[in-house]
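Take a look at the structure below.
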Amino acid sequence: MEKYIATIGLEVHVQLKTRTKTFCSCSTEFGAPPNTNVCPGCLALPGTLPVLNREAIELTLLAGLMLGCETPEISTFYRKNYFYPDIGKGYQDTQLDLPLCLGGAVPLHTFAYPKDAQKTIATPDKKIRLSRIQLEEDVAKFFHMENGSGLDFNRSGMTLVEVVSEPDIANADEAFAYLTVLQQVLVYGGISDADMEKGQLRCDVNISLRPVGSDKHGTRIEIKNMNTISGVRRAIAFETQRQATALDAGETLRQETRRWDDTRGETILMRVKESAADYRYFPEPDLPLLRPEPFLAAARARMPELPWEKRDRYVRDFGVTEYDAFVLADDLALAAYFEAAAQGAAKPKTVANYIINDLLSALSAAKVAIAESPLRPDTLRSLADIVESGKINSKQGKEVFAEMFTTGKDATVIVKEKGLEQVSDTGAIEALADEVIAANPGPVADYRAGKPAALNFLKGQVMKLSKGKANPQLAGDILAKKLS
Ligand code: ZN
Ligand code: MN
1441 MEKYIATIGL EVHVQLKTRT KTFCSCSTEF GAPPNTNVCP GCLALPGTLP
1491 VLNREAIELT LLAGLMLGCE TPEISTFYRK NYFYPDIGKG YQDTQLDLPL
1541 CLGGAVPLHT FAYPKDAQKT IATPDKKIRL SRIQLEEDVA KFFHMENGSG
1591 LDFNRSGMTL VEVVSEPDIA NADEAFAYLT VLQQVLVYGG ISDADMEKGQ
1641 LRCDVNISLR PVGSDKHGTR IEIKNMNTIS GVRRAIAFET QRQATALDAG
1691 ETLRQETRRW DDTRGETILM RVKESAADYR YFPEPDLPLL RPEPFLAAAR
1741 ARMPELPWEK RDRYVRDFGV TEYDAFVLAD DLALAAYFEA AAQGAAKPKT
1791 VANYIINDLL SALSAAKVAI AESPLRPDTL RSLADIVESG KINSKQGKEV
1841 FAEMFTTGKD ATVIVKEKGL EQVSDTGAIE ALADEVIAAN PGPVADYRAG
1891 KPAALNFLKG QVMKLSKGKA NPQLAGDILA KKLS
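At position 119 of the sequence shown the residue is numbered 1559 (the numbering used here), and the sequence of numbers has no breaks.
Okay, structure coming up:
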């Protein structure tokens, strides 16, 4: 029995997929040379005024719609003041009491958990409530070189949403599942590419521990700026243990900000936490009150099929398992491939099996993306259909698959070339059966005397005569009929 209950909330910063920045028309292109996508506005020169990006509003509202948030009638912007080299204006434009989205939830799903945790999920189908989704601007990138430091203002003014959860997360595995589902939703909506390697999804964790039986929350500790989902999981596991050990030793925890050192596998103290009051938030006088309604209508028109809706449809319409559906719907390109291949297939489940068991590993070994698969969806379907029809068995199907993947040839062509086709011609098998019965009077008598195993021997003889090509099921049936 655990001694402590962890209370965990996540703040996730997501870079929106807008072509231009939040308040100016500079490009958001990734990887441009430093300080080339800049203008007086995002360089924070005096006298410039912000013009709010319509697409940024729509994408934020779309995220809210997908996650079941409410939108207030009026939304407002605030200046969050602080002094740091990466913030030229001395403040960040963000939202406070009236963000674009309020409430909502992220629905967790068994297969969104880490693989090794899927068997021990405490509350399957848990929903993590959201507090808010707000629109804000990113700051410049402060980086250190061999001699001195540099600032890249390309990132200054990039569009972010901050997704803030309620402290509903109970452990590291739930945080992992939460981020997995959130990332999926953002990609589905075309809201963000949410590519963590490119820093497009960054996560701050708030975590406190309290003894079981106490309803008073423990001291809140923040871990800043993590950029891998597995890193967040490890950081929470470490921090929970660290706090429990400290509390066990009778220590009093301070409210502080820590960072995660992935190589050392531990959190490290950065600073003793500042509070919201330190930022001196005040209403942004250069941005008028925003009425979201007209933008909301536009966002509604962009509502995609949600990941969980797609998965349900796969299970319902294609007869795949929930696990198959999760794997196939996890990536939009893979989902499109599956649907193209499964459409009109004799048994879509067989198509799903080939994709999950054979295609994905072949692609990953060849380092090829699904969209560039050398095997087209209709080609894969034809293989699945040939196996389904019984013309070749599943073992031969694997052989044909490998050949198809490397040569791009059609399944029917390979089956012919390799002479794999099973003989399902009743007449041909009957002739072989007659031959076998005539040549094996002993086993025939055994079978007729009530020894069913003798039939297997006879069937084996038919298979041998056909050089393995007879349909075994059919061979057995024909023999049994002839001997009855
Ligand atoms: Zn600019
Ligand atoms: Mn923020």
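Ideal placement from N, C-alpha and C gives every residue a C-beta, glycine not left out.
Classification of Ala1739 by the beta-carbon crowding that lies within 10 angstroms, buried from 16 upward: Its Cβ being crowded by 16 or more others within 10 Å, Ala1739 is buried.
Contact between the segment 1494-1502 and the segment 1721-1740: three or more CB pairs below 8 Å? At 8 Å Cβ cutoff, the stretches touch.
Given 8 Å, three or more beta-carbon pairs between the segment 1501-1508 and the segment 1613-1633: Verdict: yes, contact present.
For the ligand ZN, is there any heavy atom lying closer than 7 Å to the beta carbon of Lys1461? The answer is yes for Lys1461.
Can you tell me whether Glu1637 is helix, strand or coil according to DSSP? Note: Glu1637 maps to helix in three-state DSSP.
Inter-residue spacing [alpha-carbon to alpha-carbon] between Ser1654 and Gln1683: Distance between Ser1654 and Gln1683, taken at the CA atoms: about 16 Å.
Own chain residues within Cβ distance below 7 Å of Ala1775, not counting five before or after: For Ala1775, the CB contacts under 7 Å within the same chain, skipping 5 residues up- and downstream, are Lys1750, Leu1768, Ala1769 in chain order.
Suppose contacts are defined by Cβ-Cβ distances below 8 Å. Is Ile1527 in contact with Val1491 by that definition? Contact: no.
Cβ atoms of Ala1842 and Tyr1794: under 8 Å apart, would you say? In this structure, Ala1842 does not lie closer than 8 Å to Tyr1794 by Cβ.
Reduced DSSP category for Ile1445 - H, G, I as helix; E, B as strand; rest coil: Strand at Ile1445.
If we ignore side chains and look at the alpha-carbon of each, how far apart do Ile1663 and Trp1700 end up? Roughly 7 Å separates the two Cα atoms.
Determine the DSSP secondary structure at Asp1886, reduced to helix, strand or coil. In the structure shown, Asp1886 sits in a helix (DSSP, three-state: H, G or I).
Whole-angstrom C-beta distance between Val1808 and Lys1789, which should lie under 8 Å: The beta-carbon distance between Lys1789 and Val1808, rounded to whole angstroms, is 25 Å. This is too long to meet the 8 Å contact definition.
Specify the secondary structure class of Glu1870 as computed by DSSP and reduced to three states. Reduced to three states, the DSSP call for Glu1870 is helix.
Option nearest Glu1606 by Cα separation, candidates Lys1849, Gly1449, Arg1821, Arg1816: Selected option, being the one with the closest Cα: Gly1449.
From Tyr1754, Asn1665, Tyr1777, Ala1889, pick the residue whose C-alpha is nearest to that of Leu1820; which is it? Leu1820 has its Cα closest to that of Tyr1777, out of Tyr1754, Asn1665, Tyr1777, Ala1889.
Beta carbon of Thr1534, beta carbon of Tyr1518: below 8 Å? Less than 8 Å divides the Cβ of Thr1534 from the Cβ of Tyr1518.
State the start and end residues of the unbroken beta strand (DSSP E) segment that holds Tyr1719. Taken as a continuous stretch (DSSP letters only), Tyr1719 belongs to no beta strand (DSSP E), as it is neither H nor E.
Outcome for Lys1656 when other beta-carbon atoms lying within 10 angstroms are tallied against a minimum of 16: So Lys1656 counts as exposed.
Got a sec? Which residues, its chain only, sit under 6 Å from Asn1594 by beta carbon, not counting five neighbours each side? Here the set comprises Ala1472, Asn1477.
Residue range of the unbroken beta strand (DSSP E) whose run includes Ala1741: No beta strand (DSSP E) holds Ala1741; DSSP gives it neither H nor E.
Look at the alpha carbon of Ala1782 and the alpha carbon of Ala1552, and state the distance between them as a whole number of angstroms. Approximately 24 Å, taken between the alpha carbons.
With distances taken from CA atoms, which of Pro1744, Thr1659, Gly1705 is nearest Leu1687? Checked all of Pro1744, Thr1659, Gly1705; the closest Cα to Leu1687 is Thr1659.
Reference Ser1801, options Val1827, Phe1845, Lys1831, closest by Cα: Out of Val1827, Phe1845, Lys1831, Phe1845 has the C-alpha closest to the C-alpha of Ser1801.
Please report the distance separating the alpha-carbon of Pro1747 from that of Gln1624. Within the model, the alpha-carbon separation for Pro1747 versus Gln1624 is close to 7 Å.
Between Cys1541 and the ligand ZN, is the CB less than 7 Å from at least one heavy atom? The ligand ZN has no heavy atom closer than 7 Å to the beta-carbon of Cys1541.
Cβ-based burial, Phe1758 [other Cβ within 10 Å; buried from 16]: Sixteen is the threshold: when 16 or more other Cβ atoms of the shown chains lie within 10 Å of the Cβ of Phe1758, as they do, the residue is buried.
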